[in-house]
Every structure is written in structure tokens, then in C-alpha cells.
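**Student:** Questions regarding the structure given below will be posed in turn.
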Amino acid sequence: MAVHVVTDSTADIPPTIAEELGITVVPLTISFAGESYRDGVDLTADAFYERLQHVKELPTTSQPPPALFQYDYQHLASRGEVVSVHLSRKFSGTIDSARAAAREVGAERISIVDSGSASMGLGFCAMAAARAARDGASREACVAAAESVAGRLRIAVAFETLEYLRRGGRIGRATAFLGGLLRLKPILTVKDGEAFPVTRVRSRQKAMDELFALVDGAGEIEEACILHTTTPEDAEALAARVRARRPGMPLVLGRFGPVLGVHGGPGMVGMAVVDAAPGDTTASA
Amino acid sequence: MDGAVLLRMLAGGAAALEREAAALNAINVFPVPDGDTGTNMSSTMRAASTAAAAAATGDGARATVGSIAVAAARGALMGAKGNSGVILSQILSGLPGALAGREGLDGEALAAAFERGQQAAYHVVSQPREGTILTGITAVALAARDAAARDAAARGAAKRGDGVDGVLAAAVEAAQGAAEHTPDLMPLLREAGVVDAGAQGLAVLLDGMLRALRGEEAAPVEDLGAISGAWLAERATAHAGGAQAGFCTEFVVEGAGVDRGAMRTQLAAMGESVLVVGEGSVARVHLHTADPEGAFAYGRTLGTVSREKADDMSAQFASLAEAAGGAARAGGSGIAVVAVAAGEGIAALLRSLGVAAIVPGGQTMNPSAGDIRAATEGTMAATGAGCAIVLPNNPNIVLAARQALDGIGVPARVVATASIPQGVAALVAMNPEAPFEENVAAMEEAIATVRSGAVTLAARATHAAGIAVRAGQPIALVDGELYAAAETVADAAAAAVREMVTERAGAVVTLYAGEGVSHDDAERLADALRAELHVEVEVVDGGQPHYAYLIGVD
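Chains as they are written, first to last, in the working numbering: chain R, 1461 to 1745; chain G, 13 to 566.
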């Protein structure tokens, strides 16, 4: 039976890839002073970051209502089975909405997966499930594909400030990096579904060096991506270094969507890599 | 009871949540303190109520409690906002299951709806936590079932009423009790001095429904019989100050002598964080005082005192501090960092980067090994840290620091920082989440890449490294060596920075302005350097003696 993959808009999967792999993306909601927008549907990243510069109060984000998932689940479950891969429960209740909807539609045809990650970390999990589905894998095998990627992710994100993360209530263990009388650029990772502090650096250059270190080791890498909120030049310069170091490795360049942008703030640049599965000889060294 | 009454109850619940939304937002702590629980519950309930009203209008005279319940649950599911909204939508999903096909509502059916809602709510949450709205709905379901059973038994004897009022009243009481109990179940709430916003929201919702059923006016916020989120929010603010001594004292007083304005003045003399709210002859009081009995006695001079409560805050904070210390140790952290430094601004900067103790000292006042040992042992005892790192920040203090840690009996290391800029770089590289040895390695690596400079006035005339220096002339040192002499301290500093940033793309320059250098002087120098060298420059008002500027290039 055909398996359809659903994720949420925080996966930041570039639309062309989502379309090619047939991934259904359910949008979260952004509210600017009472006006609500569906992430990536009514509000593009460009329009969002442009507007973010001119608002006094930070926009708020909220998980999709269960009905939004229910609509897609009903539609997809009538044609097969569903694997729905989502943002870490520790960042958002999105997955609870998905679960509520699955319960309404019939949980026996729908598998819900907590990626324990965010942005393209989540995106790579959903993409792995979708590729497995395209190859005719069972629902269980699609879930396993997503979970396998979740276990092989390495992530580093350079922030200009942790203020946005703090104000949004998602700072978690990175609280240790708050404050200080110097302008510091914290580097965080996502581990066990939470933001963890890695290190702090003084300069933009060192911050980019920290991200580059993810691909500078000896291990084999299946694929990687680089995302930014407002600094394409940083992302492109880093991409050039990464391509030079790992010529054959698939590398996705993209942008953090509004929901993560609200919590990360301007100047955020992140990289996620999926390490090759043990025994996989096709990955790039 | 018919559909019209159910509609009124749903609308009453929605209105109550709307009124209290801001107050509920203010106490939102779990799972993420993003302050939207009230808004989310309110808009979810509004969606349920609106959908129910629309369905009733469409069905006209045929509208039954069954069809209204189906529409309300559907509306909540469609309009659920946020996690609290989703859970609320699950609670409301119990309505159609229990009421489907029914013409009227009775106590037993309402109790069954709560029970189904409770099961659905637990089912949807991946990791159910107690001390939340889940605890609330469990208490509500149990209390409602008991009340329905009691009512059924009573009706067996003498048939009267449909039992909805009794069941709902029991539910309100249970919800409020559960909300007040949430801090006992979740330390995060206790720490913040609040109850769980979702659990409180459930109590607000049910109270609004009960009042609508009875045709009562909405409860004013100050109504002591009602549930006041505003009260809780104010109390949370009052508690936000950190460690406190004395007792968190609360009571209610009712009597002709009650004058809330006069009470505030009187109570302010007896303690802190005084809150007095109420209406008419009733006042609800909160204050922090060393003498709760005195406060109660004062209350008794005004009328009848009830609901007295006095919690020992020092005990509360001690147990919280202990829990926090335990967490830090369990997290592999608990590293006490001791640094040698001179200058108020430098000390404040180092503390902001994680230094627990400063040993005063520097170029002309080297502290003894004993001073460093005492500071290290003292701060380890005070913080409960299991290991220590000492930053001497001067080459002449490294040996004393090593000697200080000799035989200390715990993991302790000197990271041999030769300057304040190196000390800062070491601290920036520190990660409280990482293990001790990893931190030592990261700090040592970090200091190797920093260049340090200093500007001071020459103590005497000299001629060294091809540079002629007059006594009292500004001179610049780079990495400990004489580098240049200049006519002004700013010129000396600029010369040093030019040398230090050579072949360092993307460098960050930090200027630590010493005693006698104004912030404006330092900013002028910084502007000139930015314009000339296209580097990032940050100014710190260090206030250190002897050195007009300390300079770091990272």
C-alpha cells in the first residue's frame, strides 16, 4: 500500500525537494499583532524577514490545529498509509496536534514520528522517509528510515544573540550562554530534542569555522545542508568552503522559515549533516 | 436541561477564559514559558462556542444537546491553538461521545463527558506530566463521577432536578483544588511561585460555565469566591525577587472594619510584597513577613479571618537551591572558576562570563598562593562545585596559582592565562555543560590564539628594541614586549592594534579602558580603528589601574 509522508513547515525543506519527493507540509501559524499567517503559505521567508525589521513586538508562533492535520490525513489515508514526521516535542506541541488528528482519522493507518530535531534536521528525516516510500517501502520501513537519519544527525547553529530564543521560551540548556557583558556569538546544537550549548566565539569568522568543523572530520557524510535567516553571503561563503572540502557530497542550501526565524533571530546560520550509515559505501568521504 | 442552556454554558466558559486570558498568560511556565496559554485556551473555547451556536441556529428548533456537543467538539478541534488549546479540544471531545443522540443533559451524562475527555487528553500527550491541566481534568472527572453517583442515589429517594448543577459545582471545586496543588507536583511552578496556567484555565472555564448555568453575573476578578488569575499573576511578580527570608503569608478577612487602602499601609510596615485585593467587606491578603501570627492578629482586629497560610520561604529556597546544585552536578558541570584581576569593570566582565570568585591582584600586586587557595576553597564550598579552574591572568602569578592548587584534593587546574584578554578568551570558550577536562582543553586552545596588548606610561627613560622612551611617555606592549612609544595613550594603543590585527581577517578587537580613560575617549579610539582597519572593535570599561588600555585581539 502506498505510503505518504507528512511533515510540518519547521522542516524548512526547499519547496522543489518537497514537491519532488511528494512530501505534504502542514504549516504552523505566525501572528504579527493579531494577524495570522500560515508559515510558507501566506508568508514567504523573504516577506517575513523584511517585515520583522519593522515590527516592535516579536511575532508569536503556534502549532497547527489538529483539524489542519486531519484534513491532510483524511485525504492521504483514503489512498494509502501515512508517516508523519515532526519537530521535537521539546520545542513545540505540533506533534500533539498531529497525534490528535491521527486519533480522529484512524491511528492504525498513520505513524507519527518525533524527529527530536528541527529545521533541516527534521527535513532530512522526512526526506529519508519519503525516499523509502518512493522505493515502495512499507510504513514500518519508512518510519525506520526517518529514525535512522535522526540518529545520524549532527547540527551546529551560530546565533548572533540568544535573546530571541530566550524570549520565545525555547532556550533550554543553552541558558548557560545567556548574558555576559561582551557581544558573544553562541554556537548551539540540537541533541535529544533540545538546544544545547557547544561554544561561544567572538567573531563571525570563528562562528563559521565552528560550523565548517562539522564536515572537516574524516567520517563519511551522506548529505548536508546550510541555512540562514538574513545573511545569504555567510551561507554561500560557507558552502564554497564545504564544497571544496567535500566535492561530491550532496549539499542543500536553504533558508530558515519564519517560525524558526522568530526564535533564532537575524544573522542565524546553521548546518546539519547526516553521517553515512555504517557500511554505506555510496556516501562522500 | 435543553440545548439552549448548554449553549449558554459554553458561551459563559468562553467569556470567562477571555476575561482571564492575560492573567493566565502571565503565569504560563510549563512546558515553555511563552506566555500564551490564556490566549490559546480562550480562542479554542471561543471556536467551540461559536461553532455550537452556529449549529444551533442552523438546526433551529431541532437543536439538541447532542448536536450542539458534536458542533462544539468539532469547533474546538478546528480552532485549537497551541498545546493547551489542543488538550482543551481533547477534553471537549468527550462531549459528543457522552451526549450524542441525547435530547437533554443531566449530571450523569456530564460526568461521563468529563471522563471521556480526560482519557482523550491523556492519550494525545506524548509524555503526560502531572501538575498540569491533565491533573486538573483527572480531578474533575473523579469529582464529577462521585457527585453524579450521590445525586443519583438522592434522586432515587426523591426525584428532583437534572443534577447538572451539582456535578458542575463539584467539578469547579475539584479543578480549583487541583490547580492549587500543581506547584507540589512540579518544582518549576514552585520556583516561579505560580500555579499551572492550563490547570488554572480549566478551573476558570468550568467556573464560567457554572455561573452561566445559574444565570449569575460573571465573577469580577477581585471576587474572592471566584478564581482570580490576576491575583496569581501579581503574586508571581511579588515572588520573582529570588532568595527571600520569612514566611509567605496569606489570609482572607471579612468584616465591617475592612478598608483595603488602610490595610495596605498597615501591612507594608509588617512585611514586603504586600497584596490586598477584594470587594466590599472582604479582603484577600498576601505578604512576606517574619511574623505571620502578627499579620493574622492584625486581620482579626478588622473582622473574621479565614484561609490562613504561612509558608517558610527560606526553607523553600534552600530546597530549591539544593535541587539546582544537584542538577548542576548531575549535568557534569559544577566547575568553580577563580580569576585574578584588578579593576571593577574587569571583575564585572569576568563574573558575567562565569567566574565565581575574583582574587584582587595584577601587575604590581601579586596575590599569594594562600589568597588563591582560600578563594578557591571558599567558592567551592559556597557553590557546591566539585572541581576548580584558576586563571592567573598574569605570567608572574602562574606559579603561585599552581602552588595554591597543590594537594587541594579535588580536580583543579591552572589555565596559564598571561593577560586579561587571554582570561576572557578562556572564559568565552568555557561550556558549563561540558566535562572538566574538556573545558580545560578548550580554554587552553582558546588562549593560544589570542594576542594581548597593553598601554601604560614608562616608569623611566630607556632604550630597548630600537625604541627610545622618555620617562612618563605612553608606551605600547604587544604580547609582553615593548612595541612602540607615542605622544598619547590613544596613539600608542592604535599602534599596538595595527600590529596585532596584521594577517588576522575577521578579527575582533577589545579595548579595555583603564582608570582615567573615559568611555568617550575609548569609543573615539574605537571609531578611528574601525574606520582605518575595518575590524570589529568592542569597548569595555575595565577600570584597571596602571594600564590606560588593555587590548585583546581574538
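Cβ coordinates follow ideal geometry from the N, Cα and C atoms, glycine included. In this text the structure is predicted, and so the values were computed from the model without any measurement.
Flag R1614 of chain R as yes if its beta-carbon sits less than 8 Å from any beta-carbon of chain G, otherwise no.
**Tutor:** Within the first sequence, residue 1614 of chain R is the residue found at index 154, counting from 1. No, R1614 of chain R lies away from the interface with chain G (no Cβ there is under 8 Å from its Cβ).
**Student:** So, is the C-beta of L332 of chain G closer than 8 Å to a C-beta in chain R?
**Tutor:** Position 320 of the second sequence, counted from the start, is the residue given in the question as residue 332 of chain G. Legend: pLDDT at L332 of chain G = 37, less than 50; position of this residue unreliable, value from coordinates given subsequently. Answer no: the Cβ-Cβ gap between L332 of chain G and chain R never drops below 8 Å.
**Student:** Excluding five sequence neighbours on each side, which residues of the same chain lie with their C-beta closer than 7 Å to the C-beta of P1726 of chain R?
**Tutor:** As a position in the first sequence, residue 1726 of chain R is number 266, starting the count at 1. So the qualifying residues of the chain are E1620, T1689, T1690.
**Student:** Specify, as a first and last residue, the run of the alpha helix (DSSP H) that V98 of chain G falls within.
**Tutor:** In the second sequence, residue 98 of chain G corresponds to position 86, counting from 1. Looking at the DSSP string, the run of the alpha helix (DSSP H) that includes V98 of chain G is 94 to 104.
**Student:** Looking at chain R, is there any beta carbon in it that lies within less than 8 Å of the beta carbon of L89 of chain G?
**Tutor:** What you label residue 89 of chain G is simply residue 77 of the second sequence in a count that begins at 1. True, the Cβ-Cβ gap to chain R drops below 8 Å.
**Student:** Taking G1576 of chain R as the reference, give the member of R:G1611, R:A1593, R:R1559 with the closest Cα.
**Tutor:** Walking along the first sequence from the start, residue 1576 of chain R turns up at place 116. When each option's Cα is compared against that of G1576 of chain R, the closest is R:G1611.
**Student:** Comparing the C-beta of D1694 of chain R with each C-beta of chain G, is any distance below 8 Å?
**Tutor:** Taking the first residue of the first sequence as 1, we reach residue 1694 of chain R at position 234. For D1694 of chain R, the answer is no, since every Cβ of chain G falls outside 8 Å of its Cβ.
**Student:** Tell me, please, whether the stretch 191 to 205 of chain G touches the stretch 137 to 153 of chain G by the rule of three or more beta-carbon pairs shorter than 8 Å.
**Tutor:** yes
**Student:** Tell me whether T69 of chain G is buried or exposed, calling it buried when 16 or more other Cβ atoms sit within 10 Å of its Cβ.
**Tutor:** Position 57 of the second sequence, counting from 1, holds the residue named residue 69 of chain G. Answer is exposed; the Cβ neighbour count stays below 16.
**Student:** To which residues does DSSP link F1656 of chain R through a beta bridge?
**Tutor:** Here residue 1656 of chain R is taken as the residue at index 196 of the first sequence, counted from 1. Paired residue(s): R:T1649.
**Student:** According to DSSP, which residues form a beta bridge with D1499 of chain R?
**Tutor:** On the first sequence, residue 1499 of chain R is found 39 positions in, with the first residue counted as 1. D1499 of chain R pairs with R:L1503.
**Student:** Decide if the stretch 1532 to 1544 of chain R is in contact with the stretch 77 to 84 of chain G; the criterion is three or more beta carbon pairs, one per stretch, under 8 Å apart.
**Tutor:** no
**Student:** If you draw a straight line from the C-alpha of L361 of chain G to the C-alpha of K1651 of chain R, how long is it?
**Tutor:** Locating residue 361 of chain G in the second sequence gives position 349, counting from the first residue. Locating residue 1651 of chain R in the first sequence gives position 191, counting from the first residue. Computed Cα separation, rounded: 30 Å.
**Student:** Which same chain residues end up closer than 6 Å to G1653 of chain R when comparing Cβ atoms and leaving out the 5 residues on each side of it in sequence?
**Tutor:** As a working mapping, residue 1653 of chain R is identified with position 193 in the first sequence. Same-chain partners within the cutoff: S1548, K1550, G1576.
**Student:** Which parts of the stretch 154 to 199 of chain G are runs of the beta strand (DSSP E), unbroken and 3 residues or longer, counting only runs that do not cross its ends?
**Tutor:** Whole beta strand (DSSP E) segments, 3+ residues: zero.
**Student:** For the beta strand (DSSP E) holding L122 of chain G, just list the boundary residues, first then last.
**Tutor:** By one-based count along the second sequence, residue 122 of chain G stands at place 110. Where L122 of chain G is concerned, there is no enclosing beta strand (DSSP E), although the alpha helix (DSSP H) it sits in stretches over 119 to 136.
**Student:** Quick one: what's C399 of chain G bridged to in DSSP?
**Tutor:** Taking the first residue of the second sequence as 1, we reach residue 399 of chain G at position 387. Its beta-bridge partners are G:I347.
**Student:** Consider the Cβ of D1506 of chain R: report whether some Cβ of chain G lies at a distance smaller than 8 Å.
**Tutor:** Against the first sequence, residue 1506 of chain R aligns to sequence position 46. Chain G, which has no Cβ nearer than 8 Å to the Cβ of D1506 of chain R, makes this no.
**Student:** Any beta carbon from chain R within less than 8 Å of N451 of chain G's own beta carbon?
**Tutor:** Here residue 451 of chain G is taken as the residue at index 439 of the second sequence, counted from 1. Judged by the 8 Å Cβ criterion, N451 of chain G is not in contact with chain R.
**Student:** When you compare only the Cα positions, how much space is there between T1588 of chain R and L107 of chain G?
**Tutor:** Walking along the first sequence from the start, residue 1588 of chain R turns up at place 128. Walking along the second sequence from the start, residue 107 of chain G turns up at place 95. A small fix is needed here, since residue 1588 of chain R is Ala in this sequence, not Thr. One alpha carbon belongs to A1588 of chain R, the other to L107 of chain G, and they sit about 40 Å apart.
**Student:** Give a yes or no on whether the C-beta atoms belonging to A64 of chain G and A83 of chain G are separated by under 8 Å.
**Tutor:** Here residue 64 of chain G refers to the residue found at position 52 when the second sequence is read from its first residue. Here residue 83 of chain G refers to the residue found at position 71 when the second sequence is read from its first residue. For A64 of chain G and A83 of chain G, yes; Cβs fall inside 8 Å.
**Student:** Can you check DSSP and say which residues form a bridge with P557 of chain G?
**Tutor:** For the purposes of this step, residue 557 of chain G is identified with residue 545 of the second sequence, where counting begins at 1. P557 of chain G is not bridged to any residue.
**Student:** Using a Cβ-Cβ cut-off of less than 7 Å, list which residues of the stretch 308 to 322 of chain G approach chain R; keep chain order.
**Tutor:** When C-beta distances to chain R are compared with 7 Å, every residue of the stretch 308 to 322 of chain G stays at or above that value.
**Student:** Straight-line CA distance for D303 of chain G to E203 of chain G?
**Tutor:** Here residue 303 of chain G corresponds to residue number 291 of the second sequence, with the count starting at 1. Here residue 203 of chain G corresponds to residue number 191 of the second sequence, with the count starting at 1. The straight-line gap from Cα to Cα measures roughly 22 Å.
**Student:** Does the beta-carbon of R1746 of chain R have 16 or more other beta-carbons within 10 angstroms, so that it is buried, or is it exposed?
**Tutor:** Residue 1746 of chain R is absent from the model: chain R starts at 1461 and stops at 1745.
**Student:** Return the chain-ordered list of same chain residues with a C-beta closer than 7 Å to the C-beta of A1537 of chain R, the five sequence neighbours on each side being excluded.
**Tutor:** Working through the first sequence from its first residue, we reach residue 1537 of chain R at position 77. Taken in chain order, the residues that qualify are V1565, G1566, R1569, I1570.
**Student:** Alpha carbon to alpha carbon, how far is M455 of chain G from T1521 of chain R? Give it in angstroms, no decimals.
**Tutor:** Within the first sequence, the letter at position 61 stands for residue 1521 of chain R. Within the second sequence, the letter at position 443 stands for residue 455 of chain G. T1521 of chain R and M455 of chain G: Cα-Cα distance of roughly 38 Å.
**Student:** CA-CA distance, A1699 of chain R and G357 of chain G?
**Tutor:** In the first sequence, residue 1699 of chain R corresponds to position 239, counting from 1. In the second sequence, residue 357 of chain G corresponds to position 345, counting from 1. A1699 of chain R and G357 of chain G: Cα-Cα distance of roughly 40 Å.
**Student:** Determine the direct distance from the alpha carbon of A211 of chain G to that of L154 of chain G, and round the result to whole angstroms.
**Tutor:** Taking the first residue of the second sequence as position 1, residue 154 of chain G is located at position 142. Taking the first residue of the second sequence as position 1, residue 211 of chain G is located at position 199. The alpha-carbon atoms of L154 of chain G and A211 of chain G are separated by roughly 15 Å.
**Student:** Would you list, in chain order, the members of the stretch 1653 to 1671 of chain R that have their beta-carbon closer than 8 Å to a beta-carbon of chain G?
**Tutor:** Of all residues in the stretch 1653 to 1671 of chain R, only F1656, P1657, V1658, T1659, R1660, V1661, R1662, S1663, R1664, Q1665, K1666 come within less than 8 Å of chain G when Cβ atoms are compared, listed by chain position.
**Student:** Under the three-state reduction of DSSP, which class applies to K321 of chain G: helix, strand or coil?
**Tutor:** Here residue 321 of chain G is taken as the residue at index 309 of the second sequence, counted from 1. In this structure, K321 of chain G counts as strand in the three-state DSSP scheme.
**Student:** Between T1520 of chain R and chain G, is there a C-beta pair that is closer than 8 Å?
**Tutor:** As a working note, residue 1520 of chain R is residue 60 in the first sequence. Chain G, which has a Cβ nearer than 8 Å to the Cβ of T1520 of chain R, makes this yes.
**Student:** Cβ of N37 of chain G within 8 Å of Cβ of T51 of chain G?
**Tutor:** Position 25 of the second sequence, counting from 1, holds the residue named residue 37 of chain G. Position 39 of the second sequence, counting from 1, holds the residue named residue 51 of chain G. Contact: yes.
**Student:** Is the beta carbon of G374 of chain G sitting closer than 8 Å to the one on A359 of chain G?
**Tutor:** As a first step, residue 374 of chain G must be located in the second sequence, where it is residue number 362. As a first step, residue 359 of chain G must be located in the second sequence, where it is residue number 347. It is not a contact, given that the beta carbons lie outside the stated cut-off.
**Student:** Contact criterion: CB-CB distance below 8 Å. Does G94 of chain G meet it with respect to chain R?
**Tutor:** Stepping through the second sequence from its first residue, residue 94 of chain G is reached at position 82. It does: the Cβ of G94 of chain G has a partner Cβ on chain R nearer than 8 Å.
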